[in-house]
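Visitor: Positions in the sequence shown are counted from 1; adding 6 to them yields the working numbering. Note that the Cβ used here is the ideal one computed from N, Cα and C, for glycine as well.
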Amino acid sequence: MTSVEKRQRTILKRIGSEFSMEKWSDWRWQVKHAIRDVQTFEELTGVEFSEMERRKLDEVVDHFPLSITPYYLSLIDVKDYSRDPVFQQAFPSMAELNIDKADHVDPLSEDKDSPTPGITHRYPDRVLFHVSNTCAMYCRHCTRKRKVGDVDSIPSRDVLQRGIEYIRRHPEVRDVLLSGGDPFMMSDSRLDWLLTELKRIPHIEVLRIGTRTPVVLPYRITDKLVTILRKHQPIWVNTHFNHPRELTNTSRRALRMLADAGVPLGNQSVLLAGINDCQRIVKRLVHKLVQNRVRPYYLYQCDLSEGLTHFRTPVSKGIEIVESLIGHTSGFAVPTYVIDAPGGGGKIPVMPNYLISWSTNKVVLRNYEGVICTYKEPDTYEPNFCDRNCEACHLQLNLEDADEFGNVGVLKLLSDEAASLTPSCNRRIARRRSYKKKEQLRKASEEKAKRA
7 MTSVEKRQRT
17 ILKRIGSEFS
27 MEKWSDWRWQ
37 VKHAIRDVQT
47 FEELTGVEFS
57 EMERRKLDEV
67 VDHFPLSITP
77 YYLSLIDVKD
87 YSRDPVFQQA
97 FPSMAELNID
107 KADHVDPLSE
117 DKDSPTPGIT
127 HRYPDRVLFH
137 VSNTCAMYCR
147 HCTRKRKVGD
157 VDSIPSRDVL
167 QRGIEYIRRH
177 PEVRDVLLSG
187 GDPFMMSDSR
197 LDWLLTELKR
207 IPHIEVLRIG
217 TRTPVVLPYR
227 ITDKLVTILR
237 KHQPIWVNTH
247 FNHPRELTNT
257 SRRALRMLAD
267 AGVPLGNQSV
277 LLAGINDCQR
287 IVKRLVHKLV
297 QNRVRPYYLY
307 QCDLSEGLTH
317 FRTPVSKGIE
327 IVESLIGHTS
337 GFAVPTYVID
347 APGGGGKIPV
357 MPNYLISWST
367 NKVVLRNYEG
377 VICTYKEPDT
387 YEPNFCDRNC
397 EACHLQLNLE
407 DADEFGNVGV
417 LKLLSDEAAS
427 LTPSCNRRIA
437 RRRSYKKKEQ
447 LRKASEEKAK
457 RA
């Protein structure tokens, strides 16, 4: 029996239930028995706080709710809980009451960029659709602490319908990201209804879902949920693993179910002081992710939300981590380090500088080793002048799918384009050409004689 299994049994016993994997792996049971107060946390883990600490922690919970699934709780190393990365992400800290003057209730101005309830329309061709305010666990570093856990503002079906209508009226929107809260905390039937309605909109090309359930509630990834997602492809799912410890056998199984269903997976990590602000930790994390068919997508600088000062690192730390990845691991394992601009400016990539200098026809570059080289640019390049008169443009502007033609090899036989394949150097075919040419010359000579 592993140490995690022992903790699971202990937690179940203290909850008052006999151990049963059927019960433990029921995601609804996990949500029902989520830890929502400091006292219950103490009872289930054996951790004891002083009376003063307990009062302060209760004060934090009054401002920013607490919710931890029994599953995620079982990952905490209670012998060293104060430094445990799972504990720090899940359990309140008294530092959350320290509101810095740079902190904002809505740091990304999502509410200001909301033309209708539930919709944030920031980028030209895509929208963020807030479909849930509930999560399986309330992350202490959440950028939407103003909304998450607010049971009075859970989007109703009417609000969701208004969001759908907004998307339908804006044909420029081709990509919809379902977010929250956590969209997978919706019931299967409501999620199926929502995806069905969105797929009926002709101009929607891609649906994305942001969820942390594979991390904190992996049992939510059920056969029925996977069947729903498969029905509405193409759907992309972005997860939120921040530390290698979070990739357990159970979370791997959830990721495998999604990947096997043809769902492309990405991961968005947040750089958190004292949790993953170390190149060794992040490198191990991205390696574990790609092993499980999850593409590291973004590494976020922690947002300027209220009470997150103790989580934030200098931007230089993020650049240092990315520098330790580029060239030192597979390119597809390197996330893009971004700052989500305060005020709603969107995601700004912040990367190490590899372009040292450039002149008229030469650029000076460095690689990950510090090797400096030059790249010679063309001397005669004449850029295409674009006057926005597409009809007069000499470029091929047919942007639709190419026709499938020009089959070669055995495919010609399979498509009935040819009855046989003969090498061009075949001597018999060469003789045929010679005979044909002689016959053409003979006929031409006879025609000439007749005219004479």
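On the DSSP bridge assignment, give the partners of Asp181 in chain order.
Guide: For this step, residue 181 is matched to residue 175 along the sequence shown. For Asp181, which the question treats as bridged, DSSP gives the partners Arg132 and Val212.
Visitor: Alpha carbon to alpha carbon, how far is Ala267 from Ile17?
Guide: Here residue 267 corresponds to residue number 261 of the sequence shown, with the count starting at 1. Here residue 17 corresponds to residue number 11 of the sequence shown, with the count starting at 1. Looking at the two C-alpha atoms, the distance is approximately 33 Å.
Visitor: Count the other C-beta atoms from every protein chain shown that fall within 10 angstroms of the C-beta of Tyr77, then say buried if there are 16 or more, exposed otherwise.
Guide: Along the sequence shown, read from residue 1 onward, the residue named residue 77 stands at position 71. Label assigned to Tyr77: buried.
Visitor: Classify Leu277 as helix, strand or coil using the three-state DSSP reduction.
Guide: The sequence position of residue 277 within the sequence shown is 271, counting from 1. Of the three classes helix, strand and coil, the one that applies to Leu277 here is strand, per DSSP.
Visitor: Shortest alpha-carbon distance to Leu253 belongs to which of Asp117, Arg218, Val232 and Pro429?
Guide: Counting from 1 along the sequence shown, the entry for residue 253 is found at position 247. Looking at the Cα atoms, Arg218 is the closest of the given residues.
Visitor: Within 10 angstroms of the Cβ of Phe135, are there 16 or more other Cβ atoms? Answer buried if so, exposed if not.
Guide: Indexing the sequence shown from 1 puts residue 135 at position 129. Phe135 should be labelled buried.
Visitor: Who are the Cβ neighbours of Pro121 in its own chain at under 8 Å, not counting the five residues just before and after it?
Guide: Mapped onto the sequence shown, residue 121 falls at position 115. His127 and Tyr172.
Visitor: Among Asp393, Tyr304 and Pro320, whose alpha-carbon lies nearest the alpha-carbon of Leu310?
Guide: As a working note, residue 310 is residue 304 in the sequence shown. The shortest C-alpha separation from Leu310 is found at Pro320.
Visitor: Would you call Cys379 buried or exposed, if buried means 16 or more other Cβ atoms sit within 10 Å of its Cβ?
Guide: Along the sequence shown, one-based indexing puts residue 379 at 373. Classification for Cys379: exposed.
Visitor: Please identify the residue among Cys141, Ile241 and Arg196 whose C-alpha is closest to the C-alpha of Val182.
Guide: On the sequence shown, residue 182 is found 176 positions in, with the first residue counted as 1. Of the candidates Cys141, Ile241 and Arg196, the one whose C-alpha sits nearest the C-alpha of Val182 is Ile241.
Visitor: Could you please give me the residues that DSSP links to Gln307 through a beta bridge?
Guide: Position 301 of the sequence shown, counting from 1, holds the residue named residue 307. Bridge partners of Gln307: Leu277.
Visitor: For Ile327, tell me which candidate among Leu314, His316, Asn298 and Val344 has the shortest Cα-Cα distance.
Guide: As a working note, residue 327 is residue 321 in the sequence shown. Here the closest residue by C-alpha is Val344.
Visitor: In the DSSP assignment, the beta strand (DSSP E) including Gly169 goes from what residue to what residue?
Guide: The residue labelled residue 169 in the question sits at position 163 within the sequence shown. Where Gly169 is concerned, there is no enclosing beta strand (DSSP E), although the alpha helix (DSSP H) it sits in stretches over Arg163 to Arg175.
Visitor: Are the stretch 210 to 217 and the stretch 255 to 265 touching, with three or more C-beta to C-beta distances below 8 Å?
Guide: no
Visitor: In whole angstroms, what separates the C-alpha of Met263 from that of Asp198?
Guide: Residue 263 sits at position 257 when you count from the first residue of the sequence shown. Residue 198 sits at position 192 when you count from the first residue of the sequence shown. Looking at the two C-alpha atoms, the distance is approximately 18 Å.
Visitor: Going by C-alpha to C-alpha distance, which of Lys456, Leu291 and Val10 sits closest to Thr51?
Guide: Reading the sequence shown from its first residue, position 45 is the one you call residue 51. It is Val10 whose Cα lies nearest to the Cα of Thr51.
Visitor: By the 10 Å Cβ neighbour count, where 16 or more other Cβ atoms means buried, how is Ile41 classified, buried or exposed?
Guide: To locate residue 41, count along the sequence shown from 1; it is residue 35. Buried: at least 16 other Cβ atoms inside 10 Å.
Visitor: Apart from the five residues just before and just after Glu203, which ones in its own chain have a Cβ nearer than 7 Å to its Cβ?
Guide: What you label residue 203 is simply residue 197 of the sequence shown in a count that begins at 1. Ile170, listed in sequence order.
Visitor: Helix or strand or just coil, what does DSSP make of Ala299?
Guide: Counted from its first residue, the sequence shown places residue 299 at position 293. A small fix is needed here, since residue 299 is Arg in this sequence, not Ala. Coil, per DSSP.
Visitor: Provide the residue span of the alpha helix (DSSP H) that contains Tyr77, from first to last.
Guide: Within the sequence shown, residue 77 is the residue found at index 71, counting from 1. Counting along the chain, the alpha helix (DSSP H) containing Tyr77 begins and ends at Pro76 to Leu79.
Visitor: Can you check whether the CB of Ile125 is closer than 7 Å to the CB of Val133?
Guide: On the sequence shown, residue 133 is found 127 positions in, with the first residue counted as 1. On the sequence shown, residue 125 is found 119 positions in, with the first residue counted as 1. Taking 7 Å as the Cβ cut-off, Val133 and Ile125 qualify as a contacting pair.
Visitor: Mapping the DSSP letters down to three states, classify Asn367 as helix, strand or coil.
Guide: As a working mapping, residue 367 is identified with position 361 in the sequence shown. Of the three classes helix, strand and coil, the one that applies to Asn367 here is coil, per DSSP.
Visitor: Who pairs with Trp242 in a beta bridge, going by DSSP?
Guide: Sequence index remark: in the sequence shown, residue 242 carries index 236 (1-based). In the DSSP output, where bridge partners are listed per residue, Trp242 has Arg214.
Visitor: Taking a contact to mean a Cβ-Cβ separation below 7 Å, would you say Thr302 touches Ala260 in this structure?
Guide: Taking the sequence shown and counting its residues from 1, the one referred to as residue 302 is at position 296. Taking the sequence shown and counting its residues from 1, the one referred to as residue 260 is at position 254. Checking the sequence shown, residue 302 turns out to be Pro, not Thr. No; because the gap between Cβ atoms is not below 7 Å, this pair is not in contact.
Visitor: Look at the alpha carbon of Pro348 and the alpha carbon of Gln307, and state the distance between them as a whole number of angstroms.
Guide: Here residue 348 refers to the residue found at position 342 of the sequence shown. Here residue 307 refers to the residue found at position 301 of the sequence shown. Cα to Cα, the separation comes out at about 11 Å.
Visitor: Would you give the residue range spanned by the alpha helix (DSSP H) that Lys237 belongs to?
Guide: Position 231 of the sequence shown, counting from 1, holds the residue named residue 237. From DSSP, the alpha helix (DSSP H) with Lys237 extends over Asp229 to Lys237.
Visitor: Quick one, which of Arg174, Ser193, Glu406 and Leu201 has its alpha-carbon nearest Leu184's?
Guide: As a position in the sequence shown, residue 184 is number 178, starting the count at 1. The shortest Cα separation from Leu184 among Arg174, Ser193, Glu406 and Leu201 belongs to Leu201.
Visitor: According to the Cβ coordinates, are Thr140 and Met100 closer than 7 Å?
Guide: The sequence position of residue 140 within the sequence shown is 134, counting from 1. The sequence position of residue 100 within the sequence shown is 94, counting from 1. Cβ distance not < 7 Å, so Thr140 and Met100 don't count as in contact.
Visitor: Could you name the residues that DSSP lists as bridge partners for His110?
Guide: Position 104 of the sequence shown, counting from 1, holds the residue named residue 110. For His110, which the question treats as bridged, DSSP gives the partners Ser311.
Visitor: Taking the straight line between their C-alpha atoms, what separation do you get for Phe55 and His209?
Guide: Here the question's residue 55 lines up with position 49 in the sequence shown. Here the question's residue 209 lines up with position 203 in the sequence shown. Each residue's alpha carbon lies about 55 Å from the other.
Visitor: What is the DSSP secondary structure of Ala425, reduced to helix, strand or coil?
Guide: Here the question's residue 425 lines up with position 419 in the sequence shown. It is coil, neither helix nor strand.
Visitor: Assign Ile332 to one of three DSSP states: helix, strand, or coil.
Guide: As a position in the sequence shown, residue 332 is number 326, starting the count at 1. If DSSP states are grouped into helix, strand and coil, Ile332 belongs with the strands.
Visitor: What is the residue span of the alpha helix (DSSP H) that Thr16 lies within?
Guide: Residue 16 sits at position 10 when you count from the first residue of the sequence shown. First-last of the alpha helix (DSSP H) with Thr16: Ser9 to Ile21.
Visitor: At what residues does the beta strand (DSSP E) containing Pro355 begin and finish?
Guide: For this step, residue 355 is matched to residue 349 along the sequence shown. Here the beta strand (DSSP E) through Pro355 covers Gly352 to Pro355.
Visitor: If I measure Cβ to Cβ from Ser363 and keep anything under 6 Å in the same chain, skipping five residues before and after, which residues do I get?
Guide: Taking the sequence shown and counting its residues from 1, one reaches residue 363 at position 357. The residues are Val370.
Visitor: Less than 7 Å between the C-beta atoms of His147 and Leu278, yes or no?
Guide: For this step, residue 147 is matched to residue 141 along the sequence shown. For this step, residue 278 is matched to residue 272 along the sequence shown. Cβ atoms of His147 and Leu278: closer than 7 Å.
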